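Take a look at the structure set out below.
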Amino acid sequence: MPIRKKGKLPHTCVSMEYALEYGTDHIEIHVDAVKPGERVILVDDLIATGGTAEGAIKLLRQLGAEVVAACFIVDLPDLGGAAKIRAMGVPVRTLIEFGGH
């Protein structure tokens, strides 16, 4: 199920504000995208500061889903996003790490 920036999805959505490196933004998901108790794996291309992933996990949990893992192609570990997601109790898997960013 897609989680997108505010205004990109049709129909009734639930929205959440999340922190960016320099400011805030909103993401949203359809209110009927998941059912309470469903197990979900969050997948995204990149994790940097973790703000978007954190917001997505909070949205999914608000709808009653259990986020069992978060998977990313690229991790920028110096920005701390993966550590932030692990601190939320969600295991993180990545394919590539690029340090020094």
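Numbering (the numbering used here), first residue to last: 3 to 103. Every residue gets a Cβ at the ideal spot worked out from N, C-alpha and C, and that includes glycine. Just so it is clear, the structure is predicted and the values come from calculations on it, not from any experiment.
- Task: Output the boundary residues of the alpha helix (DSSP H) element that contains L62.
- Result: Segment 53 to 64, the alpha helix (DSSP H) holding L62.
- Query: Given a threshold of 16 other Cβ atoms within 10 Å of its Cβ, counted over all protein chains shown, does V45 qualify as buried or as exposed?
  - Reply: Exposed: under 16 other Cβ atoms inside 10 Å.
- Cβ contact (3+ pairs, closer than 8 angstroms) linking the region 83 to 96 and the region 25 to 41: Touching, no, given that fewer than three Cβ pairs across the two stretches are closer than 8 angstroms.
- Message: So, at 6 angstroms on beta carbons, what are the nonlocal neighbours of L81 in its own chain, with the 5 sequence-adjacent residues on each side left out?
- Response: Result list for L81: A50, T51, in chain order.
- Query: In this structure, what does DSSP give as the bridge partners for R41?
  - Reply: DSSP lists E68 as the beta-bridge partner residues of R41.
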